[in-house]
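With the UniProt record's numbering, letter number 90 in the sequence shown gets 90, and the count goes up by one each step, no holes.
All residues carry an ideal CB built from backbone N, CA and C; glycine is no exception.
Since the structure is predicted, the reported quantities are computational estimates derived from the model, not experimental observations.
Everything below concerns the one structure shown next.
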Amino acid sequence: MSIPIGVALGDIYGGLVGTGLGWRYAFFGEAILMLPFAILGFVMKPLQMKGMSNAKIIPWFLNEEFSKKDSSYVSYTSNQLSRFWQDMKALLSEKVYVVNVLGYIVYNFVFGVYSYWGPKVGYNIYQVDNVDLLFGGIVTVGGIVGTIGGSVILDRINSTIPNAFKGPVNLVCLHSVKPSLRPLSMAISTVSIHIFGDVPSPPLFGILQDKVDNWRTSILILTSILFLAAGIWFIGIFLHSVDRYEEDSEHLGTRIEQPDMTPLLESDVANGDITSALL
């Protein structure tokens, strides 16, 4: 829900600030608003996620055991690339994950155009003043209603793998792969939806509009692409898969220690360290 609401509020904020002070001030204000979150990213205690090792990561050049076996940087790089390709092969062998990401790419292809061209399309079709406020309001309401309504429906139909195509896309990405591949699965998903989705779609839509020269026709053609996304996700119904959420993670034969599941705040408060708990 945070993404559609954030995008919508960005349209509203950009329209108000850009009209009153200029578009540069909109970016200055956004940078100031984001500064506290950037600082928190450095000072907050990292979360220990399921499937991740508790061991501290030691740089390869400080690891004596590694230095004795493979002293060259080339060998280290080759080893890391080999492990990466093995993980990629395992990730791409998960059919549910692949279909899920493909549908997400097509979905973001459409909504990337909505985010970029939406206000201009609305103004040219309906000749409405303050189209940024109207467009942002529609997306905000739609994001809230869609997210809450979808979660209620998902609770009623039961969150099983056969019903995974109805669930949140990121949840499917996490549950369809083993725990050690979850960070990679989310990274590949995020990169893919931008590189193949919402990054190329706005200029491609601009080319389409130049050829068609009709905003209604162009936006109708774009919206029809959502049927393709729905069709790709619909394939997920017929794919056999296993919910891997509770699987023990293995990475190149290395056993991953089970993480401490105690909430950070609870453990710190129990030890009497209120200050560190708040940080």
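Problem - Within 8 Å, strictly: CB atoms of Gly-136 and Ala-8 - result: The residue given as residue 136 occupies position 136 in the sequence shown. The residue given as residue 8 occupies position 8 in the sequence shown. Yes, Cβ-Cβ distance for Gly-136 and Ala-8 is below 8 Å.
Exercise for the section: Leaving out five residues on either side along the sequence, give the residues of the same chain with a beta carbon under 7 Å from the beta carbon of Thr-19. Expected result: Mapped onto the sequence shown, residue 19 falls at position 19. Here the set comprises nothing.
Exercise for the section: Pair every Cβ in the segment 205-224 with every Cβ in the segment 80-95, then say whether three or more of these pairs are closer than 8 Å. Expected result: no
Problem - Whole runs of the beta strand (DSSP E) within the segment 2-38, excluding any shorter than 3 residues - result: none
Exercise for the section: Tell whether a beta-carbon distance below 8 Å holds between Val-101 and Ser-189. Expected result: Indexing the sequence shown from 1 puts residue 101 at position 101. Indexing the sequence shown from 1 puts residue 189 at position 189. Their beta carbons are under 8 Å apart, which means Val-101 touches Ser-189 by this criterion.
Practice task
Use the C-beta contact count for Arg-255: other C-beta atoms within 10 angstroms, 16 or more gives buried, fewer gives exposed.
Solution key: Residue 255 sits at position 255 when you count from the first residue of the sequence shown. Annotation note: pLDDT 43 at Arg-255 (below 50); position unreliable, no value reported.
Problem - Nearest neighbour of Gly-112, chosen from Leu-171, Gly-41, Val-43, Leu-222 [CA to CA] - result: One-based indexing of the sequence shown puts residue 112 at position 112. Out of Leu-171, Gly-41, Val-43, Leu-222, Leu-222 has the C-alpha closest to the C-alpha of Gly-112.
Problem - Beta-carbon gap between Ala-229 and Val-139 smaller than 8 Å - result: Position 229 of the sequence shown, counting from 1, holds the residue named residue 229. Position 139 of the sequence shown, counting from 1, holds the residue named residue 139. Going by C-beta atoms, Ala-229 is not nearer than 8 Å to Val-139.
Handout entry: Met-261 versus Ser-192: straight-line alpha-carbon distance, rounded
Key = Locating residue 261 in the sequence shown gives position 261, where the first residue counts as 1. Locating residue 192 in the sequence shown gives position 192, where the first residue counts as 1. The predicted model places Met-261 with a pLDDT of 48, which falls under 50 and marks its position as unreliable, so this point remains unresolved.
Practice task
Classify Arg-83 as buried or exposed, calling it buried when 16 or more other Cβ atoms lie within 10 Å of its own Cβ.
Solution key: As a first step, residue 83 is located in the sequence shown; it is residue number 83 there, counting from the start. Counting Cβ neighbours within 10 Å, Arg-83 comes out exposed, since fewer than 16 surround it.
Problem - Straight-line Cα distance separating Lys-120 from Asp-129 - result: On the sequence shown, position 129 is the one that residue 129 refers to. On the sequence shown, position 120 is the one that residue 120 refers to. If you take the alpha carbons of Asp-129 and Lys-120, they lie about 11 Å apart.
Handout entry: CB contact below 8 Å: Asn-100 versus chain B
Key = Here there is only one protein chain, and chain B is not present.
Exercise for the section: Go to Phe-234, then tell me how far its alpha helix (DSSP H) extends in each direction, as first and last residue. Expected result: The count along the sequence shown starts at 1 and reaches residue 234 at position 234. Residues 215-235.
Exercise for the section: Please list, in chain order, all residues of the same chain as His-194 whose beta carbon is under 8 Å from its beta carbon, the five residues on each side excluded. Expected result: Your numbering for residue 194 matches position 194 in the sequence shown. Once the five neighbours on either side are set aside, the close Cβ partners of His-194 are Asn-108.
Problem - Distance, Val-199 Cα to Ile-232 Cα - result: Indexing the sequence shown from 1 puts residue 232 at position 232. Indexing the sequence shown from 1 puts residue 199 at position 199. Looking at the two C-alpha atoms, the distance is approximately 20 Å.
Practice task
Would you check if the distance between the CB atom of Trp-117 and the CB atom of Phe-205 is smaller than 8 Å?
Solution key: Along the sequence shown, one-based indexing puts residue 117 at 117. Along the sequence shown, one-based indexing puts residue 205 at 205. Contact: yes.
Exercise for the section: Tell whether a beta-carbon distance below 8 Å holds between Leu-92 and Leu-184. Expected result: Walking along the sequence shown from the start, residue 92 turns up at place 92. Walking along the sequence shown from the start, residue 184 turns up at place 184. No, the pair does not count as a contact, with Cβ atoms beyond the cut-off.
Problem - Backbone secondary structure at Met-88 - three-state DSSP - result: Along the sequence shown, read from residue 1 onward, the residue named residue 88 stands at position 88. Met-88 falls in the helix class under three-state DSSP.
Practice task
Report the three-state DSSP secondary structure of His-240 (helix, strand or coil).
Solution key: Working through the sequence shown from its first residue, we reach residue 240 at position 240. Three-state result, His-240: coil.
Problem - Local Cβ density within 10 Å of Ser-218, reported as buried at 16 or more and exposed below that - result: By 1-based counting over the sequence shown, the position of residue 218 is 218. Ser-218 is buried by the Cβ-count criterion.
Practice task
Measure the alpha-carbon distance for Ile-235 versus Gly-103 and round it to whole angstroms.
Solution key: For the purposes of this step, residue 235 is taken as residue 235 along the sequence shown, with counting starting at 1. For the purposes of this step, residue 103 is taken as residue 103 along the sequence shown, with counting starting at 1. When rounded, the distance between both Cα atoms is 10 Å.
Practice task
On a CA-only basis, which of Asp-243, Arg-156, Ile-225 is nearest Pro-179? Give me that one, please.
Solution key: Along the sequence shown, one-based indexing puts residue 179 at 179. Selected option, being the one with the closest Cα: Asp-243.
Practice task
Can you grab the Cα-Cα spacing for the pair Gly-6 / Lys-95, in whole Å?
Solution key: By one-based count along the sequence shown, residue 6 stands at place 6. By one-based count along the sequence shown, residue 95 stands at place 95. Looking at the two C-alpha atoms, the distance is approximately 31 Å.
Practice task
Report the option in Val-74, Leu-33, His-175, Thr-77 whose CA atom is closest to the CA atom of residue 282.
Solution key: This structure cannot speak to residue 282, because the chain is shown only from 1 to 279.
Problem - Rounded separation between Ile-153 and Gly-142 - CA only - result: For this step, residue 153 is matched to residue 153 along the sequence shown. For this step, residue 142 is matched to residue 142 along the sequence shown. Their Cα atoms are separated by approximately 16 Å.
Exercise for the section: Return the CA-CA distance between Gly-22 and Glu-30, expressed in angstroms with no decimal places. Expected result: Translated into the one-based positions of the sequence shown, residue 22 becomes position 22. Translated into the one-based positions of the sequence shown, residue 30 becomes position 30. Computed Cα separation, rounded: 13 Å.
Practice task
Quick one: using the 10 Å Cβ neighbour count with 16 as the cut-off for buried, is Arg-24 buried or exposed?
Solution key: Here residue 24 refers to the residue found at position 24 of the sequence shown. Per the 10 Å Cβ criterion, exposed.
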